[in-house]
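J.:
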């Protein structure tokens with residue numbers, strides 16, 4: 026249970042980073058999909074460090090293998106996030122910030138499950 030709480034705390038930090046970058050880029054007129062990708066990458070960089078060293082305590086694992094798996098998981102999570110974002114923005118709300126919220130929740134769930142069972146598997 027502590028691991029899930031730690032993942033949630035890191036997720037909150039990642040989400041904050043992602044949302045700040047995303048909203049700054051939206052403010053400057055960047056396309057919301059491009060802004061989402063850039064914001065997501067910023068959050069992922071932070072996520073790798075915290076998840077490896079604190080959440081899943083995988084300090085002893087080889088970085089190359091972990092980085093590859095982490096990138097694959099985050100590409101999948103990003104695809105889920107982007108799909109939900111597009112659906113929400115097109116069919117639920119035109120507010121791009123509100124549309125991002127369910128996208129983050131879905132992407133985060135996929136991310137945790139895949140990292141738990143594959144990337145940082147003990």
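Numbering (my numbering), first residue to last: 26 to 147.
By construction, the Cβ of each residue, glycine as well, lies at the ideal position given by its N, Cα and C atoms.
#1: So, with DSSP's three-state summary, where would you put residue 54?
#2: Going by Cα to Cα distance, which pick from 83, 81 and 129 is closest to residue 108?
#3: Evaluate residue 27 with the Cβ neighbour count: other Cβ atoms within 10 Å of its Cβ, from every protein chain shown; 16 or more gives buried, anything less gives exposed.
#4: What's the C-alpha gap between residue 93 and residue 66?
#5: If you run the structure through DSSP and keep just helix, strand and coil, what is residue 122?
#6: So what's residue 103 in DSSP terms, helix, strand or just coil?
#7: Between residue 56 and residue 100, what straight-line distance do the alpha-carbon atoms span, to the nearest angstrom?
#8: Measuring alpha carbon to alpha carbon, tell me which residue in 137, 52 and 35 is nearest residue 102.
#9: Out of 31, 95 and 118, state which residue places its alpha-carbon closest to the alpha-carbon of residue 79.
#10: May I ask you to report which of helix, strand or coil DSSP gives residue 96?
#11: Find the nearest neighbour of residue 38 within the set 50, 49, 74 and 53, judged by alpha-carbon distance.
#12: Can you check whether the CB of residue 40 is closer than 9 Å to the CB of residue 133?
T.: To lay it out plainly:
#1: Here DSSP, grouped into helix, strand and coil, assigns residue 54 to coil.
#2: 129
#3: exposed
#4: 15 Å
#5: Here residue 122 sits in helix by DSSP.
#6: Three-state DSSP puts residue 103 in a helix.
#7: 19 Å
#8: 137
#9: Distances from the alpha-carbon of residue 79 to those of 31, 95 and 118 put 31 closest.
#10: helix
#11: 74
#12: yes
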